[in-house]
DNA sequence: ACGAATTACTTGACTAATCAACTATCGGTT
DNA sequence: AACCGATAGTTGATTAGTCAAGTAATTCGT
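Protein chains in written order, with our numbering: chain A, 11 to 168; chain B, 11 to 168.
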């Protein structure tokens, strides 16, 4: 095979639109992740811990079993147990073994956790908007639709 | 189509299109990241290490100084030194202190590193396409455009 | 030409993520 | 009732990522 062709292929920015989209997606997600981190980390928690707290707030009084939380996380999290350990030791979450099914552990957000979330709500909302400020409402809806569509197929594989 | 709200069983609606887009973005990026990981990890490297190798292949014979690599990474990487340590100990990268400016260290990909990349090229390309198979070329271009637009403004902030 | 500021990393200490192996419990089978 | 497989989580060992402080080399201002 002609080596020049190889060189051209290697020099060309992206071998396919998919490859370019993957890189664009990862770069954008990284920027947004850092934006979120810059808001929640001063409060002493990581974005993942914040995500857990928000899930538990959404779950209400009853709370959720450990692995249910893992399923609802934005990013897949095999280390959910230790994530909860840290939140518990900070007093933001409590855990109680279930009586009906003693394998389960119900996790609940504490008042302190709710208060922390309450303080982060507005800044977080601001950060989300700032991160995507370049996109108008029409753009945002289009973006959401495209991302949902991408995941819809992918979900069937995994 | 499954919306994010169904996916994470969220009971409340998103407070804004931005917030929903942020979550959609992170979830999609996470799926794609795992897809990439499933291809490169059997070869004994992480996605970030793969990213470094690809950057160094693109840089050619001369290689690149350490922090130049960091700047080109898809995801910001403060731990670039140790990332390169691991690649060096695997024999995929070599490092030589620069004579003109002895603060700098030039990093180059080895033949072994190039061979590894060569083996991963096709599967990776396939994984990228599989991850975004739901999107046609028009969708992909639209997605890339939206993501680029989002980052363009955000870049000026940071 | 000399000190201060900058650049380009490196290192140490700490925290977090990952994978596999393990324990405990439950639900059904026979 | 005893067993089997599945479920729900935990733990240990290893690896990776993060932040702050440190070192060495260079450049810039006067």
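Where a beta carbon is used, it is the ideal one built from N, C-alpha and C, also for glycine.
Could you compute how far the alpha carbon of residue i sits from the alpha carbon of residue j?
| i | j | result |
| --- | --- | --- |
| residue 69/A | residue 44/A | 26 Å |
| residue 24/A | residue 72/A | 49 Å |
| residue 153/A | residue 140/A | 16 Å |
| residue 94/A | residue 127/A | 16 Å |
| residue 130/A | residue 97/A | 16 Å |
| residue 100/A | residue 122/B | 47 Å |
| residue 106/B | residue 60/B | 20 Å |
| residue 18/A | residue 67/B | Here residue 18/A scores only 37 on pLDDT, less than 50, and its place in the model should not be relied on; the value that follows carries that caveat. About 13 Å. |
| residue 111/A | residue 91/A | 18 Å |
| residue 162/B | residue 142/A | 10 Å |
| residue 39/A | residue 116/B | 29 Å |
| residue 85/A | residue 37/B | 6 Å |
| residue 42/A | residue 50/A | 13 Å |
| residue 150/A | residue 88/B | 31 Å |
| residue 30/A | residue 132/B | 15 Å |
| residue 157/B | residue 158/A | 14 Å |
| residue 20/A | residue 35/B | Its pLDDT being 45, under 50, residue 20/A is placed unreliably by the model, and nothing is read from it. |
| residue 135/A | residue 102/A | 21 Å |
| residue 167/B | residue 138/B | Caution is warranted here: a pLDDT of 45 is assigned to residue 167/B, below 50, making its placement in the model unreliable, and the coordinate value is therefore given only provisionally. Roughly 30 Å between the two C-alpha positions. |
| residue 47/A | residue 83/A | 16 Å |
| residue 146/B | residue 120/A | 46 Å |
| residue 65/B | residue 108/B | 19 Å |
| residue 76/A | residue 114/A | 7 Å |
| residue 118/B | residue 55/A | 38 Å |
| residue 27/A | residue 62/B | 21 Å |
| residue 160/B | residue 57/A | 21 Å |
Along chain A, which residues have their Cβ under 8 Å away from the Cβ of residue i?
| i | result |
| --- | --- |
| residue 159/B | 144, 145 and 149 |
| residue 43/B | 36 |
Does any CB atom of chain A fall closer than 7 Å to the CB of residue i?
| i | result |
| --- | --- |
| residue 154/B | yes |
| residue 48/B | no |
| residue 106/B | no |
| residue 95/B | no |
Interface residues of chain B around residue i at Cβ under 7 Å?
| i | result |
| --- | --- |
| residue 39/A | 35, 36 and 39 |
| residue 139/A | 26 and 28 |
How would you list, in chain order, the residues of chain A whose beta-carbon sits under 7 Å from the beta-carbon of residue i?
| i | result |
| --- | --- |
| residue 135/B | 25, 26 and 29 |
| residue 163/B | 143 and 144 |
Are the C-beta of residue i and some C-beta of chain B separated by less than 7 Å?
| i | result |
| --- | --- |
| residue 62/A | no |
| residue 16/A | Note that residue 16/A scores a pLDDT of 45, beneath 50, so its modelled location is shaky; the value from the coordinates is reported in the next line. Chain B, which has no Cβ nearer than 7 Å to the Cβ of residue 16/A, makes this no. |
| residue 32/A | yes |
| residue 79/A | no |
| residue 71/A | no |
| residue 119/A | no |
| residue 84/A | yes |
Against residue i, what residues of chain A qualify as contacts under a CB-to-CB distance less than 9 Å, listed in chain order?
| i | result |
| --- | --- |
| residue 103/B | Going along chain A, no residue has its Cβ under 9 Å from residue 103/B, so there is no contact; the nearest lies around 18 Å. |
Exercise. Can you give, in chain order, each stretch of the alpha helix (DSSP H) that sits fully within the segment 105-132 of chain B and has at least 4 residues?
Worked result: none
For this session: Return the chain-ordered ranges of every beta strand (DSSP E) run that is complete within the segment 30-108 of chain A and spans a minimum of 3 residues.
Result: When DSSP assignments are scanned along the segment 30-108 of chain A, the uninterrupted stretches of beta strand (DSSP E) that are 3 or more residues long and fall wholly within it turn out to be 103-107.
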